[in-house]
Every structure is written in structure tokens, then in C-alpha cells.
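Peer 1:
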Amino acid sequence: MTTADGGAGGGRVQMQFDDNSLLPQLYGERDEHLGRIERQLGVSLVSRGNRVAISGPSARTDVARTALAALYERLKRGLEVDSGAVDAALRLATDRTGHRGTELWGEGDEIRTRKRRISARSANQAAYIRALRERELVFGLGPAGTGKTYLAVATAVDMMMSGAVERIVLSRPAVEAGERLGFLPGDLREKVDPYLRPLYDALYDMLPGEQVMKRLNSGEIEVAPLAFMRGRTLANAFVILDEAQNTTPVQMKMFLTRLGENARMAVTGDLSQIDLPPGTQCGLRDAVDTLTGVEGVAMIEFTEADVVRHPLVSRIVRAYDQRDRRAQSAPRAKKSDDRRS
Numbered sequence: 000m001t002t003a004d005g006g007a008g009g010g011r012v013q014m015q016f017d018d019n020s021l022l023p024q025l026y027g028e029r030d031e032h033l034g035r036i037e038r039q040l041g042v043s044l045v046s047r048g049n050r051v052a053i054s055g056p057s058a059r060t061d062v063a064r065t066a067l068a069a070l071y072e073r074l075k076r077g078l079e080v081d082s083g084a085v086d087a088a089l090r091l092a093t094d095r096t097g098h099r100g101t102e103l104w105g106e107g108d109e110i111r112t113r114k115r116r117i118s119a120r121s122a123n124q125a126a127y128i129r130a131l132r133e134r135e136l137v138f139g140l141g142p143a144g145t146g147k148t149y150l151a152v153a154t155a156v157d158m159m160m161s162g163a164v165e166r167i168v169l170s171r172p173a174v175e176a177g178e179r180l181g182f183l184p185g186d187l188r189e190k191v192d193p194y195l196r197p198l199y200d201a202l203y204d205m206l207p208g209e210q211v212m213k214r215l216n217s218g219e220i221e222v223a224p225l226a227f228m229r230g231r232t233l234a235n236a237f238v239i240l241d242e243a244q245n246t247t248p249v250q251m252k253m254f255l256t257r258l259g260e261n262a263r264m265a266v267t268g269d270l271s272q273i274d275l276p277p278g279t280q281c282g283l284r285d286a287v288d289t290l291t292g293v294e295g296v297a298m299i300e301f302t303e304a305d306v307v308r309h310p311l312v313s314r315i316v317r318a319y320d321q322r323d324r325r326a327q328s329a330p331r332a333k334k335s336d337d338r339r340s
């Protein structure tokens, strides 16, 4: 692959790709991937054979070039390129302006499981994956759709399959429906399964179904409701606490102190989606305030820019955030007016 700059201010770039067999996947059906880049960046991409001409504002043409180079290198490594990968390349290229294509997805930004290879789709996701591998305790904070839980499960499966940990423990507070587990029908797994469905969905994305069931039955993958974690010490395990915004400070401290030898913990939650009864202190917020700066603890904060679901989800999250900010500023403005009067 070769590139050449041209035009005033470097606003025109010519790219040439060596392997023609990869171009249908790189360009997309009917050049849909090139069109996606054009729409998101406001640049023009014209393909002729194995050449692509990019024109537009200099900074944006540089982002388009970096993204295309990264996608081409991804194809050369045997990885797929779909619309999600295109969006990811654009996010990463925008965050790392000036870096060349192969630097977008480093070895540390990829997770390998039995069913798929997963790459970071934003700079925050890349930092999160590295933290999950390197730190004993990682907090993933932010809105739905940013990959907090999915990437934690993927990393846990990767580490279990490589022998770095012996088992995976999944936990989640069951408070959303306002019911106590003891009053729900069925055995322990049947009681808690509805609350842990997102974790199961992620597991089945990483492992064949029979492997998931086999490891659930053997205890290598364990469903452990938060209410049943007290008194345990979890060693040689990757432990995930999902929806942690619905814990109390006492529950959170109890959970965090279960950490044993050669264990990792991932705590995920969205502080804007607390379902605790009014007046109840949030354990996740308390833990973040208490543990920030503690050695061995990493805190990764996601925003609506990291949402990797349907683009409308990002706009929905942004609209709610703006509404909440307006609601918070209104009382302050009213108090200020009252003081002046």
C-alpha cells in the first residue's frame, strides 16, 4: 500500500493498495464502506481499481486515510471489515490523528475467543481492554452500548481459555423488578437468570453453546447472585459485577473484599441509571469516590461517543444527558435569582 499527498494544504490524498483480492471487502458492497466514510467525515472518496482518491479538508482527509489504511491492514491479518469496523476505525483515527494505520489496533487491543476475535472500537475501549488485562480491579463506567460488560466477559473468557484464570464468576444485583430472590420461582439459577441474561448473551457470543453449558455445569463458569457472595474468597477467578450502580456501599465493600489470589475483578455500571430506592446511597458512586488513585485499581469512563450500537443510541444517550444537565442547572439558576431578589 502506498499513499501520496496532493493539492493545497494536503487536502487531496491518493492511496494505492497492493492486494486487489481484499478490495471488495475494503470498499464494501457497492462501495458502501467508502460512502460511510464520506458521510461521517464530509470528504469525497473516488475509487478506480486499486486506487482511492480522498479530497476534502486536510484534517479529515488524514483521518480517512488513517482509517482506510487500518482497515486494509485488518483484512491482511484475516479479520473481517463490516460497518462496525469502519465506524471503529473512524473513531480511533479521529482520536489518534497523526498515527498511521497499523497503529490503530495494537496487539493489546484485541481479544480472542473460541467464536470470534474482538477489537476495540474506540480509544476508551482500547484503554479498558488493556486495564482488564493488567489491573486486578477495573471499574467500567458509562452509558449502555459502550461495551463495558461485553468486553469484560470477552476478556474473562480469553483469560480462562489461556489458563490465566481457572473460572469465571458472574454477579449482578437483582433489584430492578423490586423483588426478593427468595420469592421468585425455581432453583437458584432460575431465580437469578433473568437478571444475568446480558452476561449469558455475551458468553454465548464467545463460546459454543455446548461449551457454555458444560462449563456452567462443571462450575468453571459460575452464576453467583450478589446476595450469595458474602463470606467467600474468590481465587484464580475472573469476577464480574454488572449493573453495580444498584449496589449499596455495604454490598459493594463486601463484594470487593472477596478478591483472592490470582483473581481479577471487573465492576461495570451506569451512574445515570440507578434503580435503588429513594434515599439509598449508591455503592458504585461511593466506591469510585473512595478508590480513585488506589494502586492496582483502574477506572475507565465511557461517554456517548463510545456507544457502539445503532447510531441512534448515541443520539438518545446524548439527548438524555443534555436534559439531565438542564435539570441540574435549573435549580442553581433559581437559587441565584432568589438571592438577587
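Numbering of the sequence shown is given in numbering that gives the first Met the number 0, commencing with residue 0 and proceeding in unit increments.
Built from N, CA and C at the ideal position, the CB exists for glycine as well.
#1: Please confirm whether V45 and L67 have their CB atoms less than 9 Å apart.
#2: Am I right that V164 and A236 are in contact with their C-beta atoms under 8 Å? What's the rounded C-beta distance?
#3: Can a CB atom of chain B be found closer than 9 Å to the CB of R111?
#4: State the Cα-Cα distance for the pair H98 and Q13, rounded to the nearest angstrom.
#5: Please state the DSSP three-state secondary structure of Q272.
#6: How far does the alpha helix (DSSP H) with G83 in it reach, from first residue to last?
#7: Here's the rule I'm using: 16 or more other beta-carbon atoms within 10 Å means buried, otherwise exposed. How should V316 be labelled?
#8: Is the region 214-226 touching the region 138-147 in the sense that three or more CB pairs, one from each, lie closer than 8 Å?
#9: Going by the DSSP bridge assignment, what does E109 pair with across the sheet?
#10: Please work out which residues of its chain come closer than 7 Å, Cβ to Cβ, to A130, disregarding the five sequence neighbours upstream and downstream, and give them in chain order.
#11: Starting from R47, trace the beta strand (DSSP E) in both directions and tell me its first and last residue.
#12: Ignore the nearest five residues each way along the sequence and tell me which others in L195's own chain have a CB closer than 7 Å to its CB.
#13: Can you tell me whether L136 is helix, strand or coil according to DSSP?
#14: I need the DSSP call for E37, collapsed to helix, strand or coil.
#15: Span of the alpha helix (DSSP H) holding L236?
#16: If you follow the alpha helix (DSSP H) that Q15 is part of, which residue opens it and which one closes it?
#17: Where does the unbroken beta strand (DSSP E) through V296 begin, and where does it stop?
#18: Would you kindly check if the distance between the Cβ of T232 and the Cβ of Q280 is under 9 Å?
#19: Classify A143 as helix, strand or coil using the three-state DSSP reduction.
#20: Closest to G48 by C-alpha separation, out of R38, A63, R73 and L21, would be which residue?
#21: With a 10 Å radius around its C-beta and 16 neighbouring C-beta atoms as the bar for buried, classify G283 as buried or exposed.
#22: With distances taken between CB atoms, is the gap from V211 to L225 smaller than 9 Å?
#23: Give a yes or no on whether the C-beta atoms belonging to D269 and Q124 are separated by under 9 Å.
#24: What is the DSSP secondary structure of A125, counted as helix, strand or coil?
#25: Closest to L33 by C-alpha separation, out of D81, A58 and M0, would be which residue?
#26: Under the rule that 16 or more other beta-carbon atoms within 10 Å means buried, what is G141, buried or exposed?
#27: Whole angstroms are fine: how far does the CA of Q250 sit from the CA of D288?
#28: Use the C-beta contact count for S161: other C-beta atoms within 10 angstroms, 16 or more gives buried, fewer gives exposed.
#29: Where do the N-terminal and C-terminal ends of the alpha helix (DSSP H) with E221 fall, by residue?
Peer 2: If we stick to the structure as given:
#1: no
#2: 6 Å
#3: Absent from the structure is chain B; it holds one protein chain and no more.
#4: Note that H98 has pLDDT 44, beneath the 50 cutoff, so the model's placement of it is unreliable and no number is given.
#5: coil
#6: S82 to D94
#7: buried
#8: no
#9: S118
#10: V137, A297 and I299
#11: S43 to R47
#12: L169, R171 and V222
#13: strand
#14: helix
#15: Per the sequence presented here, residue 236 reads as Ala, with Leu not at that position. Where A236 is concerned, there is no enclosing alpha helix (DSSP H), although the beta strand (DSSP E) it sits in stretches over A236 to L240.
#16: Q15 -> not in any alpha helix (DSSP H); beta strand (DSSP E) instead, spanning R11 to Q15.
#17: V296 to E300
#18: no
#19: coil
#20: L21
#21: Looking at the sequence itself, residue 283 is Leu, so the reference to Gly does not match. Burial call: buried.
#22: no
#23: no
#24: helix
#25: D81
#26: buried
#27: 16 Å
#28: exposed
#29: Element bounds for E221: not the alpha helix (DSSP H) but the beta strand (DSSP E), I220 to V222.
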